[in-house]
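Novice:
In this note's numbering, the protein residues as written are 95 to 960.
Set out below in structure tokens:
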């Protein structure tokens, strides 16, 4: 009776699940191979500590494929060894005519073959092997093709079975081809005995479904995880306003720097740099690059000068140079290459308070520029749109702009999908997306799958600095889309940031690139990847109406579920009273937890270039005890009340910026900020009356928050808004900083220690990024370095070498390649007799110098100590 109810319960559950859309999830295990060191390579032991024993024929089958674009493919796919150390090995030998071979004992068998390249990389190949100890035969199937091989010795009946790397006795190996496996099954005399799906997404165990013979996996790269979440791949720093390009066939990412090209290979996971033979390259903010597979060259364009220059990857040279220029008039243009007419098309952009709707064409053979005015739908001026090449033209999605092109006249997010036909010179509107709850724009490129009617794009809200990227999949014909995978963290400032999306059809992976140029003119490029097809984020189901029949089914299923619950409780009570009820083992699929990390087989440390890092300063969670209240501006902006309550959490982004403007203008210029300046910086697109209303409302909210901070008050002085602070009741680190650096001639050791206590929380307003703030940040960074250097140069090394080493470290926090700080530190260590530490300091400095500037530091070590 109980069994019958459970079957009925299962049936109802299946009926219910019929109303839930299901999708296939990619699964399997990828093997870290020759691209990592031997200890990090992937290995699987199906047998664990004990061998797998059989009374009759043992048969194993599995599916495998190879990872494309790798440097080396040699190695063992599987190794089978018995208790007598007889081995059967399936290997890949790249140097042989027939790459795949089966080895029995010490001899090659007649099993030797190749697979078509398309099958090897783009699909799964099924392998089946049967070992018949009594007949001394091995049967081997590749797909439907059968090989039969006799063996000289009679193998035992107990086997150890390994895939990839292993450390077991005489069959130990670290030679692993870059492969993927899934659906491993073992049968005895035709009856299924073991089954491993390899559908995990984390951990070092592959579950076995029939007899709980779980396999152990070392250094796993779970394929399911690669499809569920973005994996952090690499971080690369370059000097200047770098740009980026991608070769989607060789899977190579290019970062164009001032004097060298940085290349990241997804195949080898290696970063390499090649110095330009043509000399220093002029990097202009707003210029962009792209790789042209038609001629294998990188093109760098700057529309302000109507100039395109090319880089030859063979000669390591640029064919020309840009002229030095002022700030661009064309930020975040979109571009694509048209093979039909050998031309680049450059669309849209922004600069000097105007959004652009120009479509410019650069004809490569003649090196000529023309402006295209398409027929059909009007192209609303915009930037931060996504563009994807398709057919004779390109799709254009969204962006931010205005009908007139003027920044002051109702700028807003755009959500239209357009198609620009370069051949016919027409522009067509496909549809308008519905307005979202939170506005968003797009990374520069989108991936178009025209055959299946989809596009893929990276969306993000542009109105906040601490933003995040979300991959979406949308229809090319209907105004609908859905999010895929997890989010990527993003620091966004439109004239300091650049984001792009690429796709490699070879390995079927999306590549996301974020670039951010900081106030020290260093561009950090962060690279992420996720495999296709991407697993969609779990969404709440949209409400839907059930038919009458469906309501009956659901009601009946609910009744059965209730009955099932009662039966479960009865069974539980019986078990508690000593009645044993036998049941089959339950192999639950664990909840997928997506973490924003690199694949476990490849540590982040291995992937990153050798760049010295500074320990993150500890940020206090509450104000110092001897002050009632505190305002921190170094590190994150944080305000603490007399009771220790953090008030910053009540700030909206606008109120936060308003408070900072009044605070900094008051303390730095000792007067405050005018209403006109507030309007210019915060409400430039609004009329005078609306700006005044907004100012009044937000000042009222700010004053209400500051009521919890006695001794801090916003007041209106003649012509200025300022803040009045009682410094006996409130500690303000920016005020203390100004008092220290104001007169450098009076700086002593006590003040240097006080300054270091202020700056140990971090750089000035680390996570605040406003254009008007750049001046403050640059001034503060320079003043801090100058203050430390002034003190260091005012005393002799012999006077206090230990403290001078600390001072040098303080300087390195703000300028990692400050030559004076390195000299002071080396001389101080040398004076203390710590010559090895002096040499290490010099060598670390040289490494950092080369990473940032792409060239060797010229001064030798002995010259530093003179």
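The beta carbon of each residue, even a glycine, is placed where N, CA and C say it ideally should be.
Under 9 Å between the Cβ atoms of residue 170 and residue 269?
Specialist: The count along the chain shown starts at 1 and reaches residue 170 at position 76. The count along the chain shown starts at 1 and reaches residue 269 at position 175. Using a Cβ distance threshold of 9 Å, residue 170 and residue 269 count as a contacting pair.
Novice: In angstroms with no decimal places, state the Cα-to-Cα distance between residue 758 and residue 575.
Specialist: One-based indexing of the chain shown puts residue 758 at position 664. One-based indexing of the chain shown puts residue 575 at position 481. Cα to Cα, residue 758 sits roughly 44 Å from residue 575.
Novice: Would you list, in sequence order, the uninterrupted beta strand (DSSP E) runs of no fewer than 3 residues that lie entirely inside the stretch 172-230?
Specialist: 181-186, 194-198, 201-207 and 219-226
Novice: Evaluate contact between the stretch 482-502 and the stretch 456-465, counting only Cβ atoms and requiring at least three cross-stretch pairs below 8 Å.
Specialist: no
Novice: Excluding the five sequence neighbours on either side, which residues of its own chain have a C-beta within less than 7 Å of the C-beta of residue 681, listed in chain order?
Specialist: Here residue 681 refers to the residue found at position 587 of the chain shown. Bear in mind that a pLDDT of 31 at residue 681, under 50, signals an unreliable position, so the number given afterwards is only what the model happens to contain. Excluding sequence neighbours, residue 681 sits near 301 and 303.
Novice: Determine the direct distance from the alpha carbon of residue 542 to that of residue 484, and round the result to whole angstroms.
Specialist: Taking the first residue of the chain shown as 1, we reach residue 484 at position 390. Taking the first residue of the chain shown as 1, we reach residue 542 at position 448. Answer to the nearest angstrom: the Cα atoms are 7 Å apart.
Novice: With DSSP run on the structure shown, which of helix, strand or coil describes residue 604?
Specialist: Position 510 of the chain shown, counted from the first residue, corresponds to residue 604. Residue state, collapsed to three classes: strand.
Novice: Could you tell me if the beta carbon of residue 487 falls within a distance shorter than 8 Å of some heavy atom in the ligand FMN?
Specialist: With respect to the ligand FMN, the structure shown offers nothing to examine, as it has no ligands at all.
Novice: Threshold first: 4 residues or longer. Then list the alpha helix (DSSP H) segments lying entirely within the stretch 457-489, N to C.
Specialist: none
Novice: Would you tell me roughly how many angstroms separate the C-alpha atoms of residue 356 and residue 839, rounded to the nearest one?
Specialist: Working through the chain shown from its first residue, we reach residue 356 at position 262. Working through the chain shown from its first residue, we reach residue 839 at position 745. Rounded to whole angstroms, residue 356 to residue 839 spans 44 Å at the Cα level.
Novice: Within 10 Å of its beta-carbon, does residue 394 have 16 or more other beta-carbons around it, so buried, or fewer, so exposed?
Specialist: As a position in the chain shown, residue 394 is number 300, starting the count at 1. So residue 394 counts as buried.
Novice: My output table needs one value for residue 566: the three-state DSSP class, helix, strand or coil.
Specialist: Along the chain shown, read from residue 1 onward, the residue named residue 566 stands at position 472. Reduced to three states, the DSSP call for residue 566 is strand.
Novice: DSSP three-state label for residue 131, please.
Specialist: Numbered from its first residue, the chain shown carries residue 131 at position 37. Residue 131 sits in coil when the DSSP states are folded into three classes, being neither helix nor strand.
Novice: Using a Cβ distance threshold of 8 Å, determine whether the stretch 543-563 contacts the stretch 579-589, with at least three qualifying pairs required.
Specialist: yes
Novice: Where residue 452 and residue 900 are concerned, what is the direct C-alpha to C-alpha distance, given to the nearest angstrom?
Specialist: Translated into the one-based positions of the chain shown, residue 452 becomes position 358. Translated into the one-based positions of the chain shown, residue 900 becomes position 806. Taking the straight line joining both Cα atoms gives about 55 Å.
Novice: Under a Cβ-count criterion, where at least 16 other Cβ atoms within 10 Å of its own Cβ denotes burial, should residue 276 be classed as buried or exposed?
Specialist: For the purposes of this step, residue 276 is identified with residue 182 of the chain shown, where counting begins at 1. Burial call: buried.
Novice: What are the complete alpha helix (DSSP H) segments, minimum 4 residues, inside the stretch 861-894?
Specialist: 867-888
Novice: Across which residues does DSSP place residue 258 in a beta bridge pair?
Specialist: Stepping through the chain shown from its first residue, residue 258 is reached at position 164. By DSSP's assignment, residue 258 forms a beta bridge with 137.
Novice: Kindly indicate which three-state DSSP category residue 916 falls into: helix, strand or coil?
Specialist: In the chain shown, counting from the first residue as 1, residue 916 sits at position 822. In this structure, residue 916 counts as helix in the three-state DSSP scheme.
Novice: Output the distance between the C-alpha atoms of residue 447 and residue 374, rounded to the nearest integer angstrom.
Specialist: By one-based count along the chain shown, residue 447 stands at place 353. By one-based count along the chain shown, residue 374 stands at place 280. So the two alpha carbons sit approximately 32 Å from each other.
Novice: Using only alpha-carbon positions, find the residue among 432, 906, 513 and 411 that is nearest to residue 352.
Specialist: Residue numbering aside, residue 352 sits at position 258 when the chain shown is read from its first letter. Minimum Cα distance to residue 352 is reached at 411.
Novice: Out of 128, 187 and 383, which has the shortest C-alpha to C-alpha gap to residue 164?
Specialist: Taking the first residue of the chain shown as position 1, residue 164 is located at position 70. For the residues 128, 187 and 383, the minimum Cα distance to residue 164 belongs to 128.
Novice: Only counting the same chain, and skipping five residues up and downstream in sequence, which positions put a Cβ closer than 6 Å to that of residue 377?
Specialist: Here residue 377 is taken as the residue at index 283 of the chain shown, counted from 1. Cβ neighbours of residue 377 beyond the five flanking positions: 334, 335 and 352.
Novice: Over what stretch of residues does the alpha helix (DSSP H) that includes residue 595 continue unbroken?
Specialist: Position 501 of the chain shown, counted from the first residue, corresponds to residue 595. Taken as a continuous stretch (DSSP letters only), residue 595 belongs to no alpha helix (DSSP H), being part of the beta strand (DSSP E) at 591-598.
Novice: Considering only the beta carbon of each residue, do residue 617 and residue 331 sit closer than 9 Å?
Specialist: As a working note, residue 617 is residue 523 in the chain shown. As a working note, residue 331 is residue 237 in the chain shown. Cβ distance < 9 Å, so residue 617 and residue 331 count as in contact.
Novice: Helix, strand or coil: which one does DSSP assign to residue 62?
Specialist: Residue numbering for the chain in the displayed model covers 95 to 960; residue 62 lies beyond these limits and cannot be assessed.
Novice: Relative to the C-alpha of residue 535, which candidate in 343, 282 and 478 has its C-alpha closest?
Specialist: As a working note, residue 535 is residue 441 in the chain shown. Of 343, 282 and 478, the residue nearest in Cα terms is 478.
Novice: If you measure between the beta carbons of residue 959 and residue 921, is that distance less than 9 Å?
Specialist: Position 865 of the chain shown, counting from 1, holds the residue named residue 959. Position 827 of the chain shown, counting from 1, holds the residue named residue 921. Their beta carbons are under 9 Å apart, which means residue 959 touches residue 921 by this criterion.
Novice: For residue 184 and residue 122, what's the separation of their Cα atoms in angstroms?
Specialist: The residue you call residue 184 lines up with position 90 of the chain shown. The residue you call residue 122 lines up with position 28 of the chain shown. In a straight line, the C-alpha of residue 184 is about 19 Å away from that of residue 122.
Novice: Residue 891 to residue 913, Cα distance in whole Å?
Specialist: Within the chain shown, residue 891 is the residue found at index 797, counting from 1. Within the chain shown, residue 913 is the residue found at index 819, counting from 1. Cα to Cα, the separation comes out at about 16 Å.
Novice: Pick from 430, 396, 425 and 407: whose alpha carbon is nearest that of residue 418?
Specialist: Counted from its first residue, the chain shown places residue 418 at position 324. The shortest Cα separation from residue 418 among 430, 396, 425 and 407 belongs to 396.
Novice: Among residues of its own chain, excluding the 5 on either side of residue 262, which ones have a beta-carbon nearer than 8 Å to its beta-carbon?
Specialist: Locating residue 262 in the chain shown gives position 168, where the first residue counts as 1. Contacts found: 139, 175, 254 and 256.
Novice: Please report whether the beta-carbon of residue 410 lies at a distance below 9 Å from any beta-carbon of chain D.
Specialist: Of the protein chains in the structure, only one exists, and it is not chain D.
Novice: At the level of alpha carbons, what is the spacing between residue 786 and residue 810?
Specialist: Taking the first residue of the chain shown as position 1, residue 786 is located at position 692. Taking the first residue of the chain shown as position 1, residue 810 is located at position 716. Taking the straight line from one Cα to the other gives about 14 Å.
Novice: How many whole angstroms separate the CB atoms of residue 384 and residue 339, which I take to be in contact at a CB cut-off of 8 Å?
Specialist: Taking the first residue of the chain shown as position 1, residue 384 is located at position 290. Taking the first residue of the chain shown as position 1, residue 339 is located at position 245. Indeed they touch by this definition, with Cβ atoms about 5 Å apart.
Novice: Quick check: the stretch 283-297 against the stretch 189-203, are at least 3 beta-carbon pairs closer than 8 Å?
Specialist: no
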